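A quick write-up on the structure given underneath.
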Amino acid sequence: MREPRFPSLQHPRPLAPKAADLINRIHRAGRAPFWQRTPEDARDFYEKSSPILDLNPAPVADVRSVLIPVAGGQIDGRLYTGTGTDVSKPTPLLIYSHGGGFTLGGLESFDSICRMLANGLQARVLSLDYRLAPTHRFPTAADDVFNAWRWVWDRAEQLGIDRTRIAGMGDSAGGTLTAQAAIRARDAGMQMLAHVLVYPGTCAWQDTPSHAAYGDGYLLDTQTVKWFFGNYLRDDADRKDWRFAVLDAPHLAGLPPCLLQLAECDPLVDEGIAYANRLDEAGVQVDMTMYEGMAHAFYNMGGALAASRQAHRDTVAWLSERFNRF
Numbered sequence: 001m002r003e004p005r006f007p008s009l010q011h012p013r014p015l016a017p018k019a020a021d022l023i024n025r026i027h028r029a030g031r032a033p034f035w036q037r038t039p040e041d042a043r044d045f046y047e048k049s050s051p052i053l054d055l056n057p058a059p060v061a062d063v064r065s066v067l068i069p070v071a072g073g074q075i076d077g078r079l080y081t082g083t084g085t086d087v088s089k090p091t092p093l094l095i096y097s098h099g100g101g102f103t104l105g106g107l108e109s110f111d112s113i114c115r116m117l118a119n120g121l122q123a124r125v126l127s128l129d130y131r132l133a134p135t136h137r138f139p140t141a142a143d144d145v146f147n148a149w150r151w152v153w154d155r156a157e158q159l160g161i162d163r164t165r166i167a168g169m170g171d172s173a174g175g176t177l178t179a180q181a182a183i184r185a186r187d188a189g190m191q192m193l194a195h196v197l198v199y200p201g202t203c204a205w206q207d208t209p210s211h212a213a214y215g216d217g218y219l220l221d222t223q224t225v226k227w228f229f230g231n232y233l234r235d236d237a238d239r240k241d242w243r244f245a246v247l248d249a250p251h252l253a254g255l256p257p258c259l260l261q262l263a264e265c266d267p268l269v270d271e272g273i274a275y276a277n278r279l280d281e282a283g284v285q286v287d288m289t290m291y292e293g294m295a296h297a298f299y300n301m302g303g304a305l306a307a308s309r310q311a312h313r314d315t316v317a318w319l320s321e322r323f324n325r326f
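Residue numbers (full-length UniProt numbering): 1 to 326.
What follows is the structure, encoded as C-alpha cells:
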C-alpha cells in the first residue's frame with residue numbers, strides 16, 4: 001500500500017500573526033457564542049456580523065432571483081453574471097453552497113463571495129439558499145443542494161448555461177453538501193466539470209487530532225460544532241450516512257476534479273486531508289492547498305486577511321483553467 005499523497009499534520013500549528021490578532025479582537029468583543037443562542041438569534045447575529053471582515057460587494061453585470069423546485073417545496077437561488085461574461089453564448093456556471101453549520105447563512109451573508117467569484121471567473125454563479133436546521137433536519141439540506149444541481153443540469157439551455165462547464169463549490173458545511181452532491185451527480189449520470197471544497201466537514205465523528213488541537217479558541221469551537229450537528233442530525237444514526245460523512249462514501253472513483261482549500265489551524269483540517277487522500281486513491285484528479293496559520297472561516301475574511309484574498313485568487317485560477325479549456 002503506497003504512502004498517502006497528502007501527509008498528515010502535527011498539531012498544534014501556530015496561527016499567522018494577523019489571524020491571531022484578528023481572533024484575539026473577536027474574543028475581546030465578548031459576544032455570546034452561537035451555541036449559547038437560539039438558532040434565530042444566531043442567524044441574525046451571523047447576518048449582521050458577516051460583512052465586517054468580508055470583501056466589499058463588487059458590482060457585477062447582472063443579479064437575478066430564481067426559484068428552484070425541491071422535494072416538498074422550493075428554495076431561493078441568486079444568479080450572478082460576472083462583469084465581462086460573454087452572454088452571447090452559453091456560459092460556465094459555478095453552483096455555490098454556503099457554510100454555516102447547516103444552521104446559519106444564506107444569500108446575503110455570501111453575496112460578496114459570489115460576486116467576487118462571478119467577476120473573477122467571468123462566468124455565472126448560482127448561490128443556493130438551501131433549507132436550514134433545526135426546522136429542516138438531515139437530509140433536507142443535502143437533498144436541496146443535489147436537487148438544485150439536477151434542476152440546473154436539466155435546464156441548462158434555458159438558463160444560458162454550457163452543460164459541459166458546470167462546477168460546484170462550497171465552504172465548511174457547504175463543502176460537505178457540495179461533496180455529497182458531486183457523488184450523487186456522478187451516480188445520476190450528470191458529468192459535472194469540477195468541484196471546490198473549502199475546509200469541508202467529511203467525518204462521522206469529530207475525534208481527529210485537529211479537533212482536539214483547535215477546538216477551543218480558533219473560531220470554530222467544539223461546543224459550536226456539537227450545536228450545529230445537534231440542530232442538523234435527527235439522531236446519531238444519521239452520522240453513518242455518507243451524505244453527512246462523505247469520507248465514508250463507498251465509492252469515489254469517477255468524481256470530477258476537485259480542489260480542496262484547507263486552513264492549517266482548523267478543527268476540520270485532518271478530515272479535509274483524509275478526504276483528499278481518499279479521492280487520490282480512487283483515481284480522482286485532486287489538488288490541495290493548505291493556508292498556513294489560518295483558522296476556520298478565513299475564506300470569508302477577505303476584507304481583513306491577505307491570505308483570504310490569495311485563496312480567492314487560487315479558486316479563480318483553478319476553476320478558470322478548467323472553464324477555459326473549451
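Just so you know, even glycine gets a beta-carbon here, dropped at the ideal spot from N, CA and C.
What you are looking at is a predicted structure, and each value in this text was computed from that prediction instead of being measured.
Neighbourhood of residue i by C-beta, 6 Å cutoff - its chain only, sequence neighbours within 5 removed
| i | result |
| --- | --- |
| Trp242 | Asp248, Ala249 |
| Gln180 | Ala142, Arg243, Val246 |
| Leu259 | Val196, Asp287, Trp318 |
| Gly120 | Val316 |
Cα-Cα separation, residue i to residue j
| i | j | result |
| --- | --- | --- |
| Gly99 | Ser88 | 33 Å |
| Arg43 | Glu108 | 11 Å |
| His11 | Gly293 | 12 Å |
| Arg309 | Val316 | 11 Å |
| Gln285 | Ala182 | 14 Å |
| Gly101 | Thr176 | 10 Å |
| Ala118 | Thr83 | 7 Å |
| Glu47 | Glu281 | 39 Å |
| Gly189 | Tyr199 | 27 Å |
| Ala71 | Ala20 | 43 Å |
| Leu252 | Leu279 | 6 Å |
| Leu53 | Arg2 | 42 Å |
| Asp216 | Ser112 | 28 Å |
| Val60 | Arg124 | 10 Å |
Assigned secondary structure, residue i (DSSP; H/G/I helix, E/B strand, else coil)
| i | result |
| --- | --- |
| Ala20 | helix |
| Val152 | helix |
| His211 | helix |
| Arg325 | coil |
| Arg184 | helix |
| Gly189 | coil |
| Tyr291 | strand |
| Leu255 | coil |
| Val284 | coil |
| Asp235 | coil |
| Glu216 | Note that residue 216 is Asp in the sequence shown, not Glu. Three-state DSSP puts Asp216 in coil, outside helix and strand. |
| Thr178 | helix |
| His312 | helix |
| Gly272 | helix |
| Leu305 | coil |
| Arg278 | helix |
Which listed residue (the options) has its alpha carbon closest to that of residue i
| i | options | result |
| --- | --- | --- |
| Val301 | Leu219, Ala317, Leu255 | Correcting the residue identity first, residue 301 is Met in this sequence and not Val. Nearest option by C-alpha distance: Leu219. |
| Arg137 | Asn24, Phe298, Pro39 | Pro39 |
| Gln191 | Ala167, Leu121, Ser320 | Ala167 |
| Gln158 | His27, Phe34, Pro90 | Pro90 |
| His27 | Asp236, Pro51, Thr85, Asp221 | Asp221 |
Own chain partners of residue i with C-beta closer than 7 Å, once the 5 adjacent residues on each side are dropped
| i | result |
| --- | --- |
| Asp238 | Phe138, Phe244 |
| Arg163 | Trp153, Ala156 |
| Ala276 | Phe6, Leu260, Val286, Met288 |
| Arg184 | Phe146 |
| Arg234 | Arg137, Phe138 |
| Ala274 | Thr202, Leu247 |
| Ala58 | Arg115, Met116, Asn119 |
Other residues of its chain near residue i: CB distance less than 8 Å, five sequence neighbours each side excluded
| i | result |
| --- | --- |
| Leu126 | Val66, Gly77, Arg78, Leu79, Tyr80, Leu93, Leu94, Ile95, Tyr96, Ala148, Val152 |
| Asn231 | Pro39, Gly101, Phe102, Thr103, Ala133, Pro134, Arg137 |
| Thr224 | Pro33, Phe34, Trp35, Gly101 |
Beta carbon proximity, residue i to chain D, threshold 7 Å
| i | result |
| --- | --- |
| Gln206 | No chain D appears in this structure, which consists of one protein chain only. |
*Ignoring anything shorter than 4 residues or poking outside the segment 88 to 119, list the alpha helix (DSSP H) runs there in chain order.*
none
*Return the chain-ordered ranges of every alpha helix (DSSP H) run that is complete within the segment 2 to 85 and spans a minimum of 4 residues.*
Taken in chain order, the unbroken stretches of alpha helix (DSSP H) that lie wholly in the segment 2 to 85 and span 4 residues or more are 17 to 28, 39 to 53.
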